[in-house]
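Colleague: Could you have a look at this structure, given as structure tokens, before my questions?
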Amino acid sequence: SGRRWGEVVLHDGVPHGERTTSAGHSYPVFDEIELWAPSPVPTWVVLLEAATEADRDALEQLAADAGFAAEDW
Numbered sequence: 143s144g145r146r147w148g149e150v151v152l153h154d155g156v157p158h159g160e161r162t163t164s165a166g167h168s169y170p171v172f173d174e175i176e177l178w179a180p181s182p183v184p185t186w187v188v189l190l191e192a193a194t195e196a197d198r199d200a201l202e203q204l205a206a207d208a209g210f211a212a213e214d215w
């Protein structure tokens, strides 16, 4: 999408599809009209292999505790 976590994006409110996370949660996808506020948070791509789901969850929690976010794609 070219967008980053924490951005404020104006959209028209009409969903045009959906995205399903690795956890099975589905979220609507919208067409962007305008970027109102860019995110000051950088985006990184990290390829790693967690030994267990608990290890993956712990990494996501560490990111959340630091005020960021992590997603398992």
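Sequential numbering from 143 applies to the sequence shown in the numbering used here. Heads up, the beta-carbon is just placed ideally off N, CA and C, and yes, glycines get one too.
Quick check: the Cα distance between Arg-231 and Trp-215, rounded to an integer number of angstroms?
Modeller: In the structure as shown, the chain begins at 143 and stops at 215. Residue 231 is therefore absent and cannot be evaluated.
Colleague: Can you confirm whether the region 199-212 touches the region 167-180 when touching is taken to mean that 3 or more C-beta pairs between the two stretches lie within less than 8 Å?
Modeller: no
Colleague: Our contact map puts Glu-149 next to Ser-181 with C-beta atoms below 8 Å; I'd like the distance itself, whole angstroms only.
Modeller: As a first step, residue 149 is located in the sequence shown; it is residue number 7 there, counting from the start. As a first step, residue 181 is located in the sequence shown; it is residue number 39 there, counting from the start. Glu-149 to Ser-181, Cβ: 4 Å. Contact.
Colleague: If you follow the alpha helix (DSSP H) that Asp-154 is in, where does it begin and where does it stop?
Modeller: Walking along the sequence shown from the start, residue 154 turns up at place 12. Unbroken run through Asp-154 is the beta strand (DSSP E), 150-162; no alpha helix (DSSP H).
Colleague: Straight-line CA distance for Arg-161 to His-167?
Modeller: Along the sequence shown, one-based indexing puts residue 161 at 19. Along the sequence shown, one-based indexing puts residue 167 at 25. Each residue's alpha carbon lies about 8 Å from the other.
Colleague: Compute the Euclidean distance between the alpha carbons of Ala-200 and Glu-191, then round it to the nearest angstrom.
Modeller: Taking the sequence shown and counting its residues from 1, the one referred to as residue 200 is at position 58. Taking the sequence shown and counting its residues from 1, the one referred to as residue 191 is at position 49. Between Ala-200 and Glu-191, the C-alpha separation is close to 13 Å.
Colleague: Assuming Trp-147 contacts Thr-185 (C-beta within less than 8 Å), just tell me the rounded distance between them.
Modeller: For the purposes of this step, residue 147 is taken as the residue at position 5 of the sequence shown. For the purposes of this step, residue 185 is taken as the residue at position 43 of the sequence shown. The Cβ separation is near 7 Å, so the contact holds.
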